[in-house]
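What follows is a short report on a single structure.
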Amino acid sequence: MRLVIAVIKPYKLEDVRAALSEIGVQGMTVTEVKGFGRQKGHTELYRGAEYVVDFLPKVKIEIAVEAAQVERVIETITRAAHTGKIGDGKIFVCPLEHVVRVRTGETGKDAL
Amino acid sequence: MRLVIAVIKPYKLEDVRAALSEIGVQGMTVTEVKGFGRQKGHTELYRGAEYVVDFLPKVKIEIAVEAAQVERVIETITRAAHTGKIGDGKIFVCPLEHVVRVRTGETGKDAL
Amino acid sequence: MRLVIAVIKPYKLEDVRAALSEIGVQGMTVTEVKGFGRQKGHTELYRGAEYVVDFLPKVKIEIAVEAAQVERVIETITRAAHTGKIGDGKIFVCPLEHVVRVRTGETGKDAL
Amino acid sequence: MTRRRLFIPVLLGFPFSAWAADVPVLNAADTAWMLTSSALVLFMTLPGLALFYGGLVRTKNVLSVLMQCFAITAVVSIAWVVLAYSLAFGDGGNNNAWLGGVNKALMATIGVNTLKGTIPETVFVMFQMTFAIITPALVVGGFAERMKFSAMLLFSVLWLFVVYVPICHWVWGNGWLQKMNILDFAGGTVVHINAGVAALVAALVLGQRRGFPQTPMPPHNLTMTMAGAGMLWVGWFGFNAGSAVSAGGSAGMAMLVTHIGAATGAIVWSFCEWVRFKKPSVLGAVTGMVAGLGTITPASGYVGPMGALIIGALAGAACFFATQFVKRVLRIDDSLDVFSVHGVGGALGTLCAGVFAGVLGGVGYAQGMTMGKQVWVQLAGIGATLVWSGGVTWGLLKIVDAILGLRVTAEQETEGLDTVLHNETGYNL
Amino acid sequence: MTRRRLFIPVLLGFPFSAWAADVPVLNAADTAWMLTSSALVLFMTLPGLALFYGGLVRTKNVLSVLMQCFAITAVVSIAWVVLAYSLAFGDGGNNNAWLGGVNKALMATIGVNTLKGTIPETVFVMFQMTFAIITPALVVGGFAERMKFSAMLLFSVLWLFVVYVPICHWVWGNGWLQKMNILDFAGGTVVHINAGVAALVAALVLGQRRGFPQTPMPPHNLTMTMAGAGMLWVGWFGFNAGSAVSAGGSAGMAMLVTHIGAATGAIVWSFCEWVRFKKPSVLGAVTGMVAGLGTITPASGYVGPMGALIIGALAGAACFFATQFVKRVLRIDDSLDVFSVHGVGGALGTLCAGVFAGVLGGVGYAQGMTMGKQVWVQLAGIGATLVWSGGVTWGLLKIVDAILGLRVTAEQETEGLDTVLHNETGYNL
Amino acid sequence: MTRRRLFIPVLLGFPFSAWAADVPVLNAADTAWMLTSSALVLFMTLPGLALFYGGLVRTKNVLSVLMQCFAITAVVSIAWVVLAYSLAFGDGGNNNAWLGGVNKALMATIGVNTLKGTIPETVFVMFQMTFAIITPALVVGGFAERMKFSAMLLFSVLWLFVVYVPICHWVWGNGWLQKMNILDFAGGTVVHINAGVAALVAALVLGQRRGFPQTPMPPHNLTMTMAGAGMLWVGWFGFNAGSAVSAGGSAGMAMLVTHIGAATGAIVWSFCEWVRFKKPSVLGAVTGMVAGLGTITPASGYVGPMGALIIGALAGAACFFATQFVKRVLRIDDSLDVFSVHGVGGALGTLCAGVFAGVLGGVGYAQGMTMGKQVWVQLAGIGATLVWSGGVTWGLLKIVDAILGLRVTAEQETEGLDTVLHNETGYNL
Ligand SMILES: Nc1ncnc2c1ncn2[C@@H]1O[C@H](COP(=O)(O)OP(=O)(O)O)[C@@H](O)[C@H]1O
Ligand SMILES: Nc1ncnc2c1ncn2[C@@H]1O[C@H](COP(=O)(O)OP(=O)(O)O)[C@@H](O)[C@H]1O
Ligand SMILES: Nc1ncnc2c1ncn2[C@@H]1O[C@H](COP(=O)(O)OP(=O)(O)O)[C@@H](O)[C@H]1O
C-alpha cells in the first residue's frame, strides 16, 4: 500500500475530492498547511511596516491506497488540481506498511 | 523504526495520549485535520442556502517508535480511540529511516 | 528521494526557512502542530478551574529532497533550530518513492 | 405655552410644530436626546453594520467589507457638510419640490446658536448625516466580495448626491412627497427601499460572485454578525425614537413600537425556519430582527403597540420568503440579501404606516386625509423611490464601470480582496 | 411653572415629587435620560451579556448561547407587552400585594401622552422590559452547553410569568415588599438573587456537562468575554442610574457608586487570585467587576461613595470564594457561575443596602425605619426571593422536562449544540 | 434668564458661566447629557480602546493588553475617588496655580444634591474620571507586549498622581494655564500630548520588543481593531461634546466638528497611503480617524466646521508622516504609535485651537486676547506638557524599574504574556 500526499491550492480541494470519489477513493485526510516554493507570496503593510508573506495557504491531502491504485490516483489529482499556474502543488508517494481501522480492527486493504 | 500515524475523533485525543503515556511513549505530534470517509457530515443552512459539510473534524497523531513497539502502540491506540461508531478513524504505519533530536543531535532510538 | 519531517519551535521557523533557502532547498510545506514530549506545558486557570496544557505549539516542516541532500538538510535544520533547551524538536526521515509536480507533470527530482 | 411646545410635535408626530418655527427657543432636553440619538445612529454603522456584514462574508474579504463601511462613513460625512445637507434641507426656492438649495453649503449660516426647531441646527445636521451614512453603507451588501474599492468609493459619493439627497429632500425637506403628507417617520422610503433597490441593481450589474451558487460561501464569523446585530437593535432606538426630534411621548412610543417590531420580526422569521428547515438559526433570528426593524421604521412614529406587533410579524414572514425567492428561485447574488430584507421590508412598512396610523392606537392622519388617500400617497412614495433609485443606480454603475471598472479580476476575487486591495489580512491568529 | 416643573424633582433628588404626582407633567429631561437608559440596558443583554457568556463556552456551543440570549430577548419582549407588564405594574386590586392586574394587558390605556411620573409610560414600559429581558438571560449561564433550545424557550417564558413577574411586583409594583419599605434600587432581589438561584437550580436539575469536571472546558474566546464585560459595565449605568427615573442628583450618585462598586469588585477579586493562584487573570478581573456591579445594584440609589467602596470590596471577596466553593467543593456545574456571582452578590448587596443607607453618606431610611428594622426587611426580601425563585424554578423545570425533555442527547452534546440545534457553526476562519 | 443660563457657557465656550456659579441651579437636561457623556467616554476605554489596542498585538499578548486597559480603569477609578479628583479640582488655596487641595478627598462634601455648575458634582466627578482613565490607558500602546503587569500597575497609579493630575489642574482646575486662558476644550494637552509623550518615553526606557524591527509583528485581529475604532469614534462624541458640560449649541457644534475631524483625518491618511504605498488599508483609515479625533479634541469647542476640515486634514497628513518617521527612521518601538498619533496630533490640535478659534467661524478669544497672544499661550501649554510629562514619566519608570523591574524575561516575552502573566490564552477555537 501507499500513502499519497498531495499539496494543492485550497480552492481546488472540492474539485479534487469530487474527482477522487468518482474513481472510488473512499476516504482522505485533509490538512491546512502553508507552502513555500517558487510561487511568490504577497506583501502586507501595517502603518508603513512592511511584511513579505512567503508562505502561501495550501491544502495537504493524505490518501492511503493500494499500490495498484496509485497511478490512477496521481493522475486524477493532477488533472483536478491543475491550473497551469505556478503554485499548483506537488504529489508525494510514500510506502505504507500497515493500515488498521480503529472501529473494526480490520487491517490492510480492508481497512481502507 | 516506524512512523505511526493515527487519525481519530478529536474528543478521544486525551484518552489516547494518556494510554500511550502508560505504555511509555515519550512523545507525539498532533495535528488538527479534516476527515473525509464513510462517516457522513452535517448540513449547514444560512438564510436558506444549504451546505453539506463532508469533512469532519479529526485529529492526527504522529508517533515515531521502534519497530518492536509498533504492535503495542497500534493495539493501545485502537483500544483508546474505539467507540464502535463509524468514523473512529484509521492507523497508518510508514517506515522511518532516521530520527534526530535537534537539541542533542542524538540519532536513532536515543532520539525518541 | 526522502521526505524530511522536522518538528521545531514556532519562532525558529523563519531562521530554518532562511537557512534551507541558502543551501538551495526550493520548497517546503509547513503545518502548525501541537507537540507532546519531555518539555512541560503550562497551566491555565479559569475562575479557579485548573487545566494543565500538555501540548505545546510546534511547527512541522516537510521537505522532499534527493537522498544525496538529506545529510545537509538535516545538519542545516539542526543548526538553525537549535537552542539547546528541551523542546527543540525532532527530525524524521521517511523514504519517498515518487514525486509529481502538478503544474507540469514532471516527476522525480525535476519535480522538486 | 410650555405644554404646547412640548406636545404639539408629539401630537403631529413630526419635528417642527408651526409654533416652534415662529419663536424658536432651544430645548436642552430635546438637544440632549438628539445628541444621544446621533451617537446611536452612527453606532449602527460603526461598528454595528460593519460587523454585521463583515461576519457574513468569507475570511479573505472581511476587511474589504469593514473598509467599505468605514470609507463610506468618512467620505459621506464630508460630502454632507460640504454640499449634500444643503441640497437636502436647504431652501430650493421654486424647485424646492424637487431639490433643496445651496444656501447652506459648507455649513454657511449655521453657527453655534443657530436653531432648527427646538435643537441646534448643528445637531440636526449630525443626526441627518448619520442617515446619509448608513444608507449607502447598507448597499454594500449587494456587491460585497467582488467590487473594486475605488469604484465603490466613486459610486457611493455619486449615489449620495443623485439618489439619496433628492429622495431625502422629497420626503423630509419639504419636497413633493412631504407636501402630499407621506408618512415616513424614519426612512422606509429614504433609507430602506432606497438601499434595497440599489443593492439589487448592483448585484445584477456586477453579477454573481465566482462560484455562486454551487460553492458554499458560509459566513466566516457569526459571532461577529451577532455582535453587530445587537448594536443595530440598540442603535435603532436613536434612528426611530430620535426621528421625533424631541424627548417626549412621540419618542417614547417610537422606541416601544420599534422594539416590538424587532422582536416580532425575529420570532416570526425563526418560526418560519423552524417549520421550513426543522431548526431555527442564529442568522435567521437576527435577520428577522433587522427585517422587523426596517419595516417598522417608516411607521414608528404613527402606529401603536398592537400595530407594531402586526407589522413585525408581516415583516418576518414577507422578508423570509423574499429571501428564499431571490436566492433560490431568481438565483440573484444580492450577497447579503439587502433587497429581500430592507427593500421588501421598507416597502411593506411604508404601506403599513398608511394603514396602522389610522387603527389600533395609531396617531391618525393629517387633516383631510383618510386611510384610503393615505395609502395612495404611501404607494406613490414607494413607487417613486423604486423607480428613481433603481433607474439612477443602474445608470451610475454603468458610468463608474466605464470610468474605473466595477469588478476585480477573477484571480483577485479568488485570492480575496483583503490582501489584493488593502495589503492586509483580517486574522493572524 | 417651567422652573418648578424642571427643578422640583431634581432638588428632591428622587423620581416622582409629591407635586409631580398630583399634577403629572412630562419632564423632557427625565425622558431623555430614560430613553437613553433603556437603550443602555438592552445593550447590556445584546450584545453585552451574549458576548460575555458566549466567550466562556466552547467553540462548538458559542452560537447556542448567543441564540439563547437573543431568543429570550425577543420572546420576553412580546410577553411583556402582551401581559407581563400589566401583571407586574398594573393594578391588582385587592390582591395587589401579590400580583398586579390585567388592566394594562396589550398596552391598553397606554397612549403617546400617557405619563408615569414625569416620563411617558411607554418609556417606563421599555425600561422595565429591559430588566425582564436580562434576568432570564442571566439564568442561561446555569444550563449552558447542554439544554434543548425548545425547552429553554418554554422554560424562560413560564419563568418570566411565574417567577420574575410576581417578585418584580412585590418589590417595585406596590407589592408587599415595597409596602414594607424594602430597599432594592435596581434589582438585587428581582434580578440578581432571582437569576442566581434559578441558575443554580437549573444546574442541579440538568446535571453536569459531560466530562465535567475532569475534562478541561476553557473559555473559547476571552477577548469576546472581555468585550462583553466592557459593554456590561457601561450599560449598567443605565441599569442603576436609570432606576432613579430622573436626570438629577440621585441618578448622578447612583452612577458614581455603581462605578466604584465595579472597580473595587474587580480589584479585590484580582487581589484574591493574585494571592491564591500567584497570577491575576483577565477572567477573574471581569468576573469581579460583574460581582461588584451585581452587589451594588440594590444599594446604588441609597449609599454614598464610601459605602460603595466597602460593598464592592465585600462583593469581590465573597463571590470569589463562593465560586471556588461551588466549583471545587460542591462540584456543581453552574457552568458560568451565575449563582456564585449574581446570587451571592445580589443577596450581599441587598443586605448592605439596608446597612449603608444609614451610614457613610447614605440617604437614610423611610420614616419610622431604623437600620435594625431595615435589615430585617432586607432579609425578608432576600428570603422570599430565595424560596420563591428556588422552588418554582425547580417545579417549572420538572414540568418542561416532562413535556419536552430538558437535555440534548450525549452524542449531540459531544458534537456541539451549534450544528445540532441550529445548523450553523460559529467560525469558518 | 433661562436663555442666558443656556447661552453664556456656549458663548464663552467653557462650562460654568459666572452666573451659574452665583446661583447654582440644577439643569436636568445638562445632567441627562452629562450622564450619557460619562457612559460614552468610559465606553471609549472599555471595550473601545481595549479592542483597538488588543487587535494590534500578537495573539499571545492580546489578553495582556486587554488586562492592562481593564486594570487601569479599575485602579484609576478608585484612586480618583479617594484623592486624585480632589487634587485636580479641589481648592489648592495659595498653591492653586499648581495643584488642587485635599478638601474633596474621599468625596468629602459631595452629596446627592451637591452641584457643580448646572449638574450634580457626582456627575462631574464621573465625567472627569473617564478622562483620567483613558489617558494612562492610551500610554499602554507604548510599552505593549513586554512590560510586567505589576510594574505597569504601579507606574500607572504613580503617573496618574504625578503627571496627569497636575496637568489636568493647570488646564481645567483653575491652574496657571487656565488663568492664561489656554484653549484646550477636551484634552489636547491634558490627554493626548500627555499620553503620547509618556508612551514615547516608555518605549525608549523599556526598549524595543525582541525581534523588532526584523521580525514581522502584524496585528493579530484587525476586525477587533476596527470594532474598537468604531466605538472610539462614537464614544468621542461624549469626550468632546460632553466637555461643553451642557446640552446646547456648544455641545452640538463640538459634536459636528469632532465628526468632521475624524472623517477628514481618515480620508487624508488613506490618501497618503494610497499615493505612497499604492493601496489604502483598514488600519491606516482607522488610525487616521484617531489622529483626526485626537487633533480636533482641544479645538472642538472653539472652531467652526471649516476650521475642523482643515484641522482634520492636517492631522491625517502630519500623523501619517510622523508614524513613518518614528517607525522607519528613528526605529523607536512605540509599539502602537501612540506618540505619532496622539502626541503629534494633540500638539497640532492645541496649536490649531489658538488659530482657528479666531477665523472660519470660530467662537473668538477671551477678552483682551488676540490670535498672536493666544498662539503663545497654546505653545506654553504644549511646551509645559511636553516637559513635565516627558521628564516625570522618565523618572517614574526608573523608580519602578528599581523597585519591580519593568520588563519580562526574554523567554517570557517569547512565550507570550498571556500565559506567563495571566495563566490564560485568548483563543481556544
Ligand atoms: N521540496 C518540497 N518539499 C515539500 N513541499 C514542497 C516542496 N516544493 C514545493 N512544495 C510545496 O508545493 C507548493 C507549490 O510549489 P511551488 O514551487 O510554489 O509551485 P509549483 O508546484 O508550480 O512548482 C509549495 O507551496 C509547497 O507547499
Ligand atoms: N483512504 C484513506 N486515506 C487517508 N485517510 C483516510 C482514508 N480513509 C479514511 N480516512 C480517515 O479516517 C477517518 C474515518 O474514516 P471513516 O471511513 O469515516 O470511518 P471508519 O474509520 O469507521 O471507516 C476519515 O475521516 C479520514 O480522516
Ligand atoms: N516519538 C515522537 N514522535 C513524534 N513526535 C515526537 C516524538 N517525540 C517528540 N516529538 C515531537 O518533538 C517535540 C519536542 O520533543 P521534546 O521531548 O519535548 O523535547 P526534545 O526535542 O528536546 O526531546 C515534541 O513537542 C513533539 O512534537
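Chains as they are written, first to last, in the working numbering: chain A, 811 to 922; chain B, 811 to 922; chain C, 811 to 922; chain D, 238 to 666; chain E, 238 to 666; chain F, 238 to 666.
Every residue gets a Cβ at the ideal spot worked out from N, C-alpha and C, and that includes glycine.
Remember, it's a predicted structure, so these values are computed and weren't measured experimentally.
Nearest-angstrom Cβ-Cβ length linking residue i and residue j, presumed shorter than 8 angstroms
i, j, result
"cysteine 509 (chain E)", "alanine 554 (chain E)", "6 angstroms"
"leucine 643 (chain F)", "methionine 384 (chain F)", "6 angstroms"
"tyrosine 290 (chain E)", "alanine 381 (chain E)", "7 angstroms"
"glutamine 615 (chain E)", "threonine 651 (chain E)", "Glutamine 615 (chain E) to threonine 651 (chain E), Cβ: 45 angstroms. No contact."
"valine 494 (chain E)", "isoleucine 533 (chain E)", "6 angstroms"
"methionine 468 (chain D)", "glycine 292 (chain D)", "About 12 angstroms separates the two Cβ atoms, so there is no contact after all."
Where residue i sits in the DSSP three-state scheme
i, result
"threonine 282 (chain D)", "helix"
"glutamate 777 (chain C)", "Residue 777 (chain C) cannot be examined here, being either before or after the span of chain C that is shown, 811 to 922."
"methionine 271 (chain E)", "helix"
"arginine 882 (chain A)", "helix"
"methionine 608 (chain F)", "helix"
"valine 471 (chain F)", "helix"
"lysine 819 (chain B)", "coil"
"alanine 859 (chain A)", "strand"
"aspartate 825 (chain C)", "helix"
"proline 357 (chain D)", "strand"
"phenylalanine 449 (chain F)", "coil"
"glycine 899 (chain C)", "strand"
"phenylalanine 865 (chain A)", "coil"
"histidine 776 (chain C)", "Outside the displayed range of chain C (811 to 922) lies residue 776 (chain C), so it cannot be described from this structure."
"histidine 908 (chain C)", "strand"
"leucine 813 (chain C)", "strand"
"asparagine 667 (chain D)", "Here chain D covers residues 238 to 666 and nothing more, so residue 667 (chain D) does not appear."
"phenylalanine 508 (chain D)", "helix"
"glycine 915 (chain C)", "coil"
"leucine 643 (chain E)", "coil"
"asparagine 458 (chain F)", "strand"
| query | Mind listing, in chain order, the residues whose beta carbon lies closer than 7 angstroms to a non-hydrogen atom of ligand 2? | reply | A:Val835, A:Gln836, A:Gly837, A:Met838, A:Thr839, A:Glu872, A:Ile873, A:Ala874, A:Val875, A:Arg911, A:Val912, A:Arg913, A:Leu922, B:Val817, B:Val843, B:Gly845, B:Phe846, B:Gly847, B:Arg848, B:Gln849, B:Leu866, B:Lys868, B:Ile896, B:Gly897, B:Asp898, B:Gly899 and B:Lys900
| Under 7 angstroms (Cβ pairs) to chain E, residues found in the segment 847-863 of chain C | Glu854, Leu855, Tyr856, Arg857, Gly858, Ala859 and Tyr861
| field | Completely contained alpha helix (DSSP H) runs for the segment 574-599 of chain D, where each covers 4 or more residues | value | Runs found: 581-593.
| query | Going along the chain, which residues of the segment 552-580 of chain D sit with their C-beta nearer than 8 angstroms to a C-beta in chain B? | reply | Thr560, Gln561, Lys564, Arg565 and Asp574
| Chain-ordered residues of the segment 361-388 of chain E with a beta carbon less than 8 angstroms from chain D | Val362, Met363, Met366 and Phe386
| Can you list, in chain order, the residues of the segment 508-537 of chain E whose Cβ is nearer than 9 angstroms to any Cβ on chain C? | Glu510, Arg513, Phe514, Lys516, Ser518, Leu520, Gly521 and Thr524
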